[in-house]
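Numbering (our numbering), first residue to last: 17 to 514.
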RNA sequence: UCCUCGGUAGCUCAGUGGCAGAGCAGUUGGCUGUUAACCAAUUGGUCGUAGGUUCGAAUCCUACCCGGGGAGCCA
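Set out below in structure tokens:
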């Protein structure tokens, strides 16, 4: 048995491929079967005078996603997907699939999500999962090379750690338990044992968020390092992200092409240092004339585009009546595109005034909203690191800036193109007394944090860490518009199956 | 929880007060090189649900259900 991604080393040899029918086309004496085997696609040519009547007829019964074994000669041919095709000498049908629901035409999100277990077989979804795997492995490789130990934080926790986010509640024998929203506090304990550690696991948030950036269950990578300050933390986050992007560019070009990803953005992110700006600088930028003008320009651009595509829509609708059949199909397709684009523009036009107001009226001390992040990242073409946030909006365990007590030594990495926050982290407070004060200020139950406070009693050291959201990172690198396509079976508001 | 857009054939959609439509999928037939193949024929409907307005409702009104996008919150 040979896999499709190995065909280049079997040119002119006879091999057997096992897989599923991705698509097929037929005429009287020849079938074209696009075979999918999990490693790629290969067109198989089944000709009547090559395989005989029985095998030819069997091949004719194969519908989308039927399973099959095809033996034949590997021939280089640029007309085929992947550059090679198989000239069949034998066809063995394993199972004929009837009425596979996902056809090669367009489908809506709801339908595809209901059929997620099958949707995973489609080409774009396949490519996204291949890239996800490469990202996951690259993250492990990076940290292992850097001398980090992978350690796992518990998934059941006894307390709602930071007290801010809504957690999933469950039973733990006779006690209440919560699904973890972060392994960080445990990460700090583990870093005091091993120096540099990282966790790689699922986290859960019961927030009722319905956006393209949210899942209720997602995977997070959380490194934690003893003797690291904020600058070392930022250096590490940048080095890791660049390693990951570079690895994907090196190993997954073909998949990025299937996803129609604009590679130039990734190449810049891999090569150029990330912009680093303080929260205060970011606020100034939001309130600047430059930002106001940019939004103004965006609004007029959208309005002009709307006018021009509406004119086009009128024109092609007139043409439709007298058009030939193939042209009609072309027009129908274009009409659909225009309707979708109009919806998008109308939404932008509703949003832009709100964004303008949010940016121009932004007050120092507040946290950035989704639109503020988008506006900030639109002005750069690499990821942006924003550091030193107002302590008020950040978690209790973050260390204050010795030069300005109102600031926390926090960092966020914002991905370009509106993908939002992919990394959030900080230098941690290492003083026992200050931490006790903070816990009291936040009205957190001190007894639940006794073990955490022990870390400051017994050899406390400056230390830092961050959390990387895997799905948001995959979405950004793949250029996907929604995190639901970055994980095999997404869990989100209103979606528990399949 | 709030704002906003939507729900019409298996799928994607058109139809905005007067006979329920198209493309694809399915089925049947035709065609040796197709690339979302093509050509011909054909099957397929609780117009999200309930109520109301009207001579007449997919279309207008009310409530509810479901989905998309966003706010808040966040990775």
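Ideal Cβ positions, reconstructed from N, Cα and C, are used throughout, including at glycine.
Remember, it's a predicted structure, so these values are computed and weren't measured experimentally.
Among the candidates 43, 61 and 44, whose CA atom is the shortest distance from the CA of residue 50?
In terms of CA proximity to residue 50, 61 leads the group 43, 61 and 44.
Cutting at 7 angstroms between CB atoms, please list the residues of its own chain near residue 192, excluding the five before and the five after it.
Correct list, in chain order: 185.
Assign residue 403 to one of three DSSP states: helix, strand, or coil.
Strand, per DSSP.
Whether residue 23 touches residue 38 by CB criterion (8 angstroms)
No, the Cβ-Cβ distance between residue 23 and residue 38 is not below 8 angstroms.
Cα-Cα separation, residue 102 to residue 162
CA-to-CA, the gap between residue 102 and residue 162 works out to about 45 angstroms.
Residue 319 - DSSP class collapsed to helix/strand/coil
Correct three-state label for residue 319: helix.
Classify residue 346 as helix, strand or coil using the three-state DSSP reduction.
The answer is helix: DSSP assigns residue 346 an H, G or I state.
Should residue 238 and residue 481 be called a contact, given that it needs their Cβ atoms to be closer than 8 angstroms?
Contact flag set, yes.
Assigned secondary structure, residue 72 (DSSP; H/G/I helix, E/B strand, else coil)
Helix, per DSSP.
Figure out for me which residue from 142, 315 and 197 has the closest Cα to the Cα of residue 368.
When 142, 315 and 197 are compared, the shortest CA-CA separation from residue 368 is found for 315.
If you run the structure through DSSP and keep just helix, strand and coil, what is residue 143?
Of the three classes helix, strand and coil, the one that applies to residue 143 here is helix, per DSSP.
Through-space distance from residue 396 to residue 433, alpha-carbon basis:
Rounded to whole angstroms, residue 433 to residue 396 spans 9 angstroms at the Cα level.
For residue 145 and residue 21, I'd like the C-alpha separation in whole angstroms.
For residue 145 and residue 21, the distance between alpha carbons rounds to 16 angstroms.
Hey, would you say residue 404 sits closer than 8 angstroms to residue 423, going by beta carbons?
The criterion of a C-beta distance shorter than 8 angstroms is satisfied by residue 404 and residue 423.
How far does the beta strand (DSSP E) with residue 163 in it reach, from first residue to last?
Taken as a continuous stretch (DSSP letters only), residue 163 belongs to no beta strand (DSSP E), as it is neither H nor E.
Between the beta-carbon of residue 148 and the beta-carbon of residue 502, is there less than 8 angstroms?
The beta carbons of residue 148 and residue 502 sit closer together than 8 angstroms.
Could you tell me whether the region 276–294 touches the region 62–82, using the rule of 3 or more Cβ pairs below 8 angstroms?
In short, these stretches do not touch, since the Cβ pair count stays below three.
Please classify residue 202 as buried or exposed, where buried requires at least 16 other C-beta atoms within 10 Å of its C-beta.
In the assembly as shown, residue 202 is a buried residue. Its beta-carbon has 16 or more other beta-carbons within 10 Å.
Are the CB atoms of residue 542 and residue 308 nearer to each other than 8 angstroms?
This structure cannot speak to residue 542, because the chain is shown only from 17 to 514.
With a cut-off of 8 angstroms on the beta carbons, I'd call residue 253 and residue 441 a contact; round off their distance for me.
7 angstroms between Cβ atoms; contact.
Nearest-angstrom Cβ-Cβ length linking residue 36 and residue 96, presumed shorter than 8 angstroms
Residue 36 to residue 96, Cβ: 17 angstroms. No contact.
Where are the beta strand (DSSP E) runs, 3 residues long or more, that stay fully inside the region 17–43, in chain order?
Given a length threshold of 3 residues, each whole run of the beta strand (DSSP E) inside the region 17–43 is given here in chain order: 30–43.
Just the Cα atoms here: how many angstroms apart are residue 174 and residue 457?
Across the structure, residue 174 and residue 457 are spaced so that their CA atoms are roughly 21 angstroms apart.
Along the chain, which unbroken stretches of the alpha helix (DSSP H) at least 4 residues long are found entirely within the region 410–469?
Those alpha helix (DSSP H) runs which fall completely within the region 410–469 and span 4+ residues are 448–457.
Alpha carbon to alpha carbon, how far is residue 462 from residue 411?
Rounded to the nearest whole angstrom, the CA to CA distance from residue 462 to residue 411 is 15 angstroms.
Look at residue 292 and residue 401 and say whether their C-beta atoms are less than 8 angstroms apart.
Contact flag set, yes.
Using the rule of at least 16 other Cβ atoms within 10 Å of the residue's Cβ for burial, across every protein chain shown, is residue 54 buried or exposed?
Taking every protein chain shown into account, the CB of residue 54 has fewer than 16 other CB atoms within 10 angstroms, so this residue is exposed.
Using a Cβ distance threshold of 8 angstroms, determine whether the region 265–275 contacts the region 225–240, with at least three qualifying pairs required.
Counting Cβ pairs under 8 angstroms, fewer than three are found: no touch.
Is it true that the CB of residue 220 sits closer than 8 angstroms to the CB of residue 195?
The answer is yes: Cβ separation under 8 angstroms.
Secondary structure of residue 292, DSSP reduced to three states:
Under the three-state reduction of DSSP output, residue 292 falls in the strand class.
Buried or exposed for residue 380, going by 16 or more other Cβ atoms inside 10 Å?
Residue burial annotation: residue 380 is exposed, with fewer than 16 other C-beta atoms found within 10 angstroms of its C-beta.
Would you say residue 274 and residue 366 are within 8 angstroms of each other, going by their C-beta atoms?
When the beta-carbon positions are compared, residue 274 and residue 366 stay at least 8 angstroms from each other.
Do the CB positions of residue 469 and residue 448 come within less than 8 angstroms of each other?
Closer than 8 angstroms, so yes.
CB-CB length for residue 74 against residue 109, believed under 8 angstroms:
The pair is a contact, with the Cβ atoms about 5 angstroms apart (cut-off 8 angstroms).
Compute the beta-carbon to beta-carbon distance between residue 214 and residue 166, rounded to the nearest angstrom, for a pair I have assumed lies under 8 angstroms.
Residue 214 to residue 166, Cβ: 6 angstroms. Contact.
Which residue's Cα is closest to the Cα of residue 384: 415, 294, 466 and 330?
Residue 384 has its Cα closest to that of 294, out of 415, 294, 466 and 330.
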